[in-house]
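What follows is a set of notes on a single structure, which appears directly below.
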Amino acid sequence: MPPLNRRHFLQFAGSTLAAIGLSQLDVLQRGIHDSATQYGRVLAQGKPGRKLALLVGANTYAGQIPNLRGCLTDVDLQRELLIHRYGFNPSDILIVSDSESNQPNRDNILKAFETHLINQAKPDDIVVFHFSGHGSLVRDPNPLKELIVNQNGDLKAVPNTSKLSGTIVPIDRTTGNPDQVQDIMGKSLFLLTQALKTDKVTLILDSCHSGGGTRGNVLFRSVSSRLDGIEPAAPSPAELEFQARWMKELRLTEAALQELRNQGVAKGVAIGSAQYDQLAADAPFDSGTFYAGAFSYLLTRYLWQQAVDESIGTVFVNLRRSTRDVANRSSVAQEPLLAANPESNRQKPTYFVPPATPFAEAVVRSLTNGQIEFWLGGISSLSLQANKNGSLFSAIDASGKEVAQIEQTSRRGLTATGKLKTGDLATIKPGTLLRERVRGLPSNLKLQVGLDESLGADLATIKAALQGLDRVEVVGPEQAMAYRLGRMTPAYQTQAQQRNLGTVPPVNSIGLFTGDLRPLAPTFDQPGETGADAIARLAPRLKAFLAAEVLKAIGGVDVVKGGQSQGFRVTVKATGKAGREVAANRFTPGTQVQVQIQNTSDRDRYVAVLSIGDAGKMRVLFPYLDAPEDRARVAAKQSLTLPEAGVIFPLGAPGLLEIMVLTSAEPVRDALKALKEIGARGGVSSSRGFSRDPLGGDDAVDAVSALLGNIDQNTRSDIGVTTEVQAVDANRYAVISTTIEVVPG
113 MPPLNRRHFL
123 QFAGSTLAAI
133 GLSQLDVLQR
143 GIHDSATQYG
153 RVLAQGKPGR
163 KLALLVGANT
173 YAGQIPNLRG
183 CLTDVDLQRE
193 LLIHRYGFNP
203 SDILIVSDSE
213 SNQPNRDNIL
223 KAFETHLINQ
233 AKPDDIVVFH
243 FSGHGSLVRD
253 PNPLKELIVN
263 QNGDLKAVPN
273 TSKLSGTIVP
283 IDRTTGNPDQ
293 VQDIMGKSLF
303 LLTQALKTDK
313 VTLILDSCHS
323 GGGTRGNVLF
333 RSVSSRLDGI
343 EPAAPSPAEL
353 EFQARWMKEL
363 RLTEAALQEL
373 RNQGVAKGVA
383 IGSAQYDQLA
393 ADAPFDSGTF
403 YAGAFSYLLT
413 RYLWQQAVDE
423 SIGTVFVNLR
433 RSTRDVANRS
443 SVAQEPLLAA
453 NPESNRQKPT
463 YFVPPATPFA
473 EAVVRSLTNG
483 QIEFWLGGIS
493 SLSLQANKNG
503 SLFSAIDASG
513 KEVAQIEQTS
523 RRGLTATGKL
533 KTGDLATIKP
543 GTLLRERVRG
553 LPSNLKLQVG
563 LDESLGADLA
573 TIKAALQGLD
583 RVEVVGPEQA
593 MAYRLGRMTP
603 AYQTQAQQRN
613 LGTVPPVNSI
623 GLFTGDLRPL
633 APTFDQPGET
643 GADAIARLAP
653 RLKAFLAAEV
663 LKAIGGVDVV
673 KGGQSQGFRV
683 TVKATGKAGR
693 EVAANRFTPG
703 TQVQVQIQNT
713 SDRDRYVAVL
723 SIGDAGKMRV
733 LFPYLDAPED
743 RARVAAKQSL
753 TLPEAGVIFP
763 LGAPGLLEIM
773 VLTSAEPVRD
783 ALKALKEIGA
793 RGGVSSSRGF
803 SRDPLGGDDA
813 VDAVSALLGN
823 IDQNTRSDIG
833 VTTEVQAVDA
843 NRYAVISTTI
853 EVVPG
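In our numbering, the protein residues as written are 113 to 857.
As structure tokens, then:
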């Protein structure tokens with residue numbers, strides 16, 4: 113998808129980007145963050161002026177507006193990132209949210225922007241505004257002429273015939289007049305940003321206004337313009353008066369303001385979580401133990417783990433792909449947008465300041481009688497779900513050097529407790545940064561499957577049959593982020609057809625859906641199949657999906673990196689010999705693709721490449737069955753392009769395909785031996801192309817379990833791990849998971 117230019121983004125922003133509201137988690141133990149020594153050290157590393165942030169979060173709405181669940185988490189994620197990675201002083205971060213006395217109503221949001229940001233920010237200061245929550249639309253008395261919409265991955269300018277403008281929705285939206293709402297329009301946000309004395313401004317808006325409601329276990333951050341659904345509502349008189357006051361303050365006529373809005377964003381950098389016609393997900397993570405905006409969680413985790421200096425433009429490219437990958441996992445069409453004014457701001461660091469501390473994934477919050485509490489906001493959601501007590505974290509100093517190890521003893525959501533494993537407890541203080549060192553995985557990691565109410569009378573039979581399968585766990589529908597078993601209903605079929613998903617299973621057939629009810633078409637059979645027969649048919653596919661989950665748990669990855677990990681980058685492109693690439697990581701059926709693996713680290717690594725699609729079948733794409741062992745080695749600073757001459761990787765029917773790259777410090781005969789065994793039954797030969805049928809069922813699980821056992825032995829040979837877990841040394845093994853989408857041609 114081509115980048116937006118300033119004009120296009122403003123048209124988007126005026127109509128939709130402002131249709132965003134922020135969410136936030138309860139702010140935990142403020143006293144934890146008041147270590148003057150820690151913040152003095154962090155602040156001393158940065159040269160810019162003062163760093164100010166306003167974080168707004170709204171989960172709880174009045175009246176008929178549905179409540180959200182992840183917006184408070186978003187605020188907590190952003191706050192911890194700004195403090196511990198970017199050196200913001202806690203006293204310079206103002207929170208307006210449900211968990212504060214300063215509630216996110218209209219007056220408080222606007223007043224906070226004026227008093228905390230406009231009145232305090234001086235030239236060269238840094239300003240961050242983050243808003244998560246509901247968005248909507250209102251009639252605009254002076255609308256922009258065009259809107260930017262997504263059409264098959266391309267952005268198109270279309271006439272704004274509806275004359276609507278996007279808004280952010282405060283908790284006191286209703287006015288008593290169904291024709292008027294107290295939303296804050298994009299035009300108002302533009303004026304407020306224009307009034308800032310600094311140009312180093314970052315606006316992050318996690319919301320949408322397209323669609324809304326709930327799909328499966330995913331809630332969307334959007335509400336109708338009018339709850340009665342008749343005609344779009346108008347802005348309140350207070351909103352129009354507010355705009356008039358700031359236009360007077362800035363000495364702008366209506367025509368002059370409109371001209372500025374047509375030219376681009378007011379200043380700095382603005383990022384929206386979804387395009388005009390897309391949904392922003394308020395999604396469950398870690399089996400539903402906490403919720404967050406899919407975009408906010410990815411953004412903050414990416415920035416925690418960012419190991420090299422990258423411009424905001426580069427971060428955004430990777431983040432956009434990551435957001436789409438995670439959204440596709442739940443079948444949510446969501447791609448963020450970025451705009452800069454001037455365009456050169458794309459080359460500036462995120463938040464206009466380099467990180468003040470080394471990359472990390474967790475941070476110590478408190479110490480009590482030798483017990484260490486730490487926050488895991490930079491850890492992948494799969495690591496959270498898979499990691500058990502016994503996982504080890506490296507405590508690092510200001511240079512990134514390990515000074516101690518902490519063993520995890522318990523965890524709830526993003527907060528864990530642990531004890532010192534090695535090193536001196538005196539080196540551990542609130543604010544000490546942590547990195548994953550050893551992932552402690554259960555030896556019998558299970559695949560979680562939810563049951564949809566569409567199963568009706570067959571639900572009990574199917575539940576009993578699933579519970580009889582080894583390493584499959586039946587969970588509530590609200591916890592089933594990845595897989596949900598259900599029956600195709602007329603409503604689900606219509607929904608699938610509207611989403612242009614290609615082949616749609618027949619009504620009354622049984623199969624697997626993603627968390628938000630995108631049918632995995634190859635898993636469905638003929639109508640009328642009994643529940644028992646369906647489980648017998650699906651059992652091998654469920655085991656293949658389980659094998660893929662084990663691989664990703666080994667790497668501690670859930671595609672947040674968008675095709676990259678520390679020291680490695682993976683890209684997938686069409687070769688041009690068949691089919692075509694519609695957009696980045698989107699291809700038509702029959703396209704022959706090429707996978708490029710770049711080793712950007714300073715040491716040689718061994719790699720294996722696997723794929724698994726909607727059908728639940730696994731293939732080893734590399735190393736080839738007949739390749740010598742050393743062919744799996746990628747030298748430092750070199751790359752490997754697959755397939756090689758004589759082999760093709762053609763894409764099949766519409767759906768999603770995960771390509772997983774395992775990297776290891778050990779050669780194939782040790783760490784990758786089990787994958788060679790997989791390849792012998794369902795892999796690729798350099799002389800014959802694909803071998804026999806792809807691997808599935810217990811074969812896939814057994815082979816991947818053998819791989820995990822091998823890695824556990826190698827890890828324990830170097831590190832003392834005493835608990836009953838399968839240990840994975842994060843410094844020696846990584847998995848990069850990239851999702852590509854095959855779309856109807």
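Glycine included, every Cβ here is placed at the ideal spot set by N, Cα and C.
Based on the DSSP secondary-structure assignment, which residues constitute the bridge partners of residue 243? Here the question's residue 243 lines up with position 131 in the sequence shown. Paired residue(s): 168 and 317.
Extract the residue ranges of the alpha helix (DSSP H) inside the stretch 378–424, only unbroken runs of 4 or more that lie entirely within it. As far as the stretch 378–424 is concerned, its whole alpha helix (DSSP H) runs of at least 4 residues are 406–417.
Drop a sphere of 10 angstroms on the beta-carbon of residue 312, count the other beta-carbons inside from all chains shown, and report buried for 16 or more, exposed for fewer. Counting from one through the sequence shown, the residue named residue 312 turns up at place 200. Around the beta carbon of residue 312, a 10 Å sphere encloses 16 or more other beta carbons of the protein chains shown; the residue is thus reported as buried.
Can you have a look at residue 639 and say buried or exposed, based on whether 16 or more other CB atoms are within 10 angstroms of its CB? Locating residue 639 in the sequence shown gives position 527, where the first residue counts as 1. Per the 10 Å Cβ criterion, exposed.
Cβ neighbours of residue 853 in the same chain (closer than 7 Å, five flanking residues each side left out): Taking the sequence shown and counting its residues from 1, one reaches residue 853 at position 741. Closer than 7 Å at the Cβ level, and outside the excluded window around residue 853, lie 440, 697, 698 and 768.
Note the first and the last residue of the continuous alpha helix (DSSP H) segment covering residue 714. Position 602 of the sequence shown, counted from the first residue, corresponds to residue 714. Counting along the chain, residue 714 falls outside any alpha helix (DSSP H), and DSSP gives it neither H nor E.
Quick check on DSSP: helix, strand or coil for residue 191? Position 79 of the sequence shown holds residue 191. Looking at residue 191 - three-state DSSP - the assignment turns out to be helix.
So, with DSSP's three-state summary, where would you put residue 643? As a working mapping, residue 643 is identified with position 531 in the sequence shown. The answer is helix: DSSP assigns residue 643 an H, G or I state.
Residues near residue 343 by beta carbon distance below 7 Å, same chain, minus five either side: The sequence position of residue 343 within the sequence shown is 231, counting from 1. Result list for residue 343: empty, nothing under 7 Å.
Measuring CB to CB, does residue 350 end up less than 8 Å from residue 245? As a position in the sequence shown, residue 350 is number 238, starting the count at 1. As a position in the sequence shown, residue 245 is number 133, starting the count at 1. Taking 8 Å as the Cβ cut-off, residue 350 and residue 245 do not qualify as a contacting pair.
With residue 752 as the anchor, note down where its beta strand (DSSP E) starts and where it stops. Position 640 of the sequence shown, counted from the start, is the residue given in the question as residue 752. Boundaries of the beta strand (DSSP E) around residue 752: 751–754.
Below 8 Å, how does it come out for the stretch 231–251 and the stretch 299–314: are there three or more Cβ pairs, yes or no? Contact between the stretch 231–251 and the stretch 299–314 is present, because at least three Cβ pairs lie under 8 Å.
Among 711, 722, 618 and 702, which residue has its Cα nearest to the Cα of residue 657? Along the sequence shown, read from residue 1 onward, the residue named residue 657 stands at position 545. Of the candidates 711, 722, 618 and 702, the one whose C-alpha sits nearest the C-alpha of residue 657 is 722.
Would you report the Cα separation of residue 536 and residue 514, rounded to the nearest angstrom? For this step, residue 536 is matched to residue 424 along the sequence shown. For this step, residue 514 is matched to residue 402 along the sequence shown. Going from the Cα of residue 536 to the Cα of residue 514 covers about 12 Å.
For residue 427, which of 686, 453, 398 and 458 has the nearest alpha-carbon? Walking along the sequence shown from the start, residue 427 turns up at place 315. With distances taken between Cα atoms, residue 427 lies closest to 458.
Taking Cβ positions, are residue 225 and residue 166 nearer each other than 8 Å? Here the question's residue 225 lines up with position 113 in the sequence shown. Here the question's residue 166 lines up with position 54 in the sequence shown. Cβ distance < 8 Å, so residue 225 and residue 166 count as in contact.
Please determine if the stretch 460–468 and the stretch 180–199 are in contact, where contact requires at least 3 C-beta pairs separated by less than 8 Å. Yes, the stretch 460–468 is in contact with the stretch 180–199.
Out of 503, 540 and 501, which has the shortest C-alpha to C-alpha gap to residue 480? The count along the sequence shown starts at 1 and reaches residue 480 at position 368. Nearest neighbour of residue 480 by Cα position, chosen from 503, 540 and 501, turns out to be 540.
Determine the direct distance from the alpha carbon of residue 704 to that of residue 711, and round the result to whole angstroms. For the purposes of this step, residue 711 is taken as the residue at position 599 of the sequence shown. For the purposes of this step, residue 704 is taken as the residue at position 592 of the sequence shown. Annotation: residue 711 to residue 704 spans about 23 Å, alpha carbon to alpha carbon.
Residue 405 to residue 476, Cα distance in whole Å? Along the sequence shown, one-based indexing puts residue 405 at 293. Along the sequence shown, one-based indexing puts residue 476 at 364. The alpha-carbon atoms of residue 405 and residue 476 are separated by roughly 24 Å.
Measure from the alpha carbon of residue 621 to the alpha carbon of each residue in 641, 553, 361 and 831, then state which is nearest. Position 509 of the sequence shown, counting from 1, holds the residue named residue 621. Comparing Cα positions, the closest option is 641.
Excluding five sequence neighbours on each side, which residues of the same chain lie with their C-beta closer than 7 Å to the C-beta of residue 810? Translated into positions along the sequence shown, residue 810 becomes position 698. Here the set comprises 655.
Since residue 517 is in the alpha helix (DSSP H), which residue starts that stretch and which ends it? If you number the sequence shown from 1, residue 517 lands on position 405. According to the DSSP assignment, residue 517 belongs to no alpha helix (DSSP H) but to the beta strand (DSSP E) extending over 514–524.
Please state whether DSSP places residue 655 in a helix, a strand or coil. The residue labelled residue 655 in the question sits at position 543 within the sequence shown. Shown here, residue 655 sits in a helix according to DSSP, grouped into three states.
Should the stretch 833–850 be regarded as contacting the stretch 492–508, the criterion being three or more beta carbon pairs within less than 8 Å? The stretch 833–850 is in contact with the stretch 492–508.
By Cβ distance, which residues of its chain are closer than 6 Å to residue 646, with the 5 residues on each side in sequence left out? Your numbering for residue 646 matches position 534 in the sequence shown. The residues are 622.
Taking only the alpha-carbon atoms, compute the straight-line gap between residue 213 and residue 527 and give it to the nearest angstrom. Taking the first residue of the sequence shown as 1, we reach residue 213 at position 101. Taking the first residue of the sequence shown as 1, we reach residue 527 at position 415. Their Cα atoms are separated by approximately 24 Å.
Where residue 130 and residue 300 are concerned, what is the direct C-alpha to C-alpha distance, given to the nearest angstrom? Position 18 of the sequence shown, counted from the first residue, corresponds to residue 130. Position 188 of the sequence shown, counted from the first residue, corresponds to residue 300. Only weak support is given to the placement of residue 130: the predicted model assigns it a pLDDT of 30, under 50, and the question is left unresolved by the model.
Residue 814 to residue 563 span [Cα, whole Å]: Numbered from its first residue, the sequence shown carries residue 814 at position 702. Numbered from its first residue, the sequence shown carries residue 563 at position 451. Each residue's alpha carbon lies about 26 Å from the other.
Which two residues bound the contiguous alpha helix (DSSP H) that contains residue 303? On the sequence shown, residue 303 is found 191 positions in, with the first residue counted as 1. Boundaries of the alpha helix (DSSP H) harbouring residue 303: 298–307, taken from the DSSP string.
Kindly identify the DSSP beta-bridge partner or partners of residue 485. Within the sequence shown, the letter at position 373 stands for residue 485. Looking at the DSSP assignment, residue 485 forms a beta bridge with 478 and 529.
Buried or exposed: where does residue 454 fall if 16 or more other Cβ atoms within 10 Å of its Cβ makes it buried? If you number the sequence shown from 1, residue 454 lands on position 342. Result: exposed.
Using CA atoms only, rank isn't needed, just tell me which of 719, 380 and 607 is closest to residue 307. Working through the sequence shown from its first residue, we reach residue 307 at position 195. Of 719, 380 and 607, the smallest CA-CA separation from residue 307 is found for 380.
Taking Cβ positions, are residue 664 and residue 847 nearer each other than 8 Å? Taking the first residue of the sequence shown as 1, we reach residue 664 at position 552. Taking the first residue of the sequence shown as 1, we reach residue 847 at position 735. Contact annotation: residue 664 and residue 847 have beta-carbon atoms nearer than 8 Å.
Between 695, 382 and 278, which has its C-alpha nearest residue 251's C-alpha? Here residue 251 is taken as the residue at index 139 of the sequence shown, counted from 1. Nearest of 695, 382 and 278 to residue 251, Cα basis: 278.
Tell me which same chain residues have a C-beta within less than 6 Å of the C-beta of residue 303, skipping the five on either side of it? Taking the sequence shown and counting its residues from 1, the one referred to as residue 303 is at position 191. Its chain contains 358 as the residues whose beta carbon lies nearer than 6 Å to that of residue 303, once the 5 sequence neighbours on both sides are disregarded; these appear in chain order.
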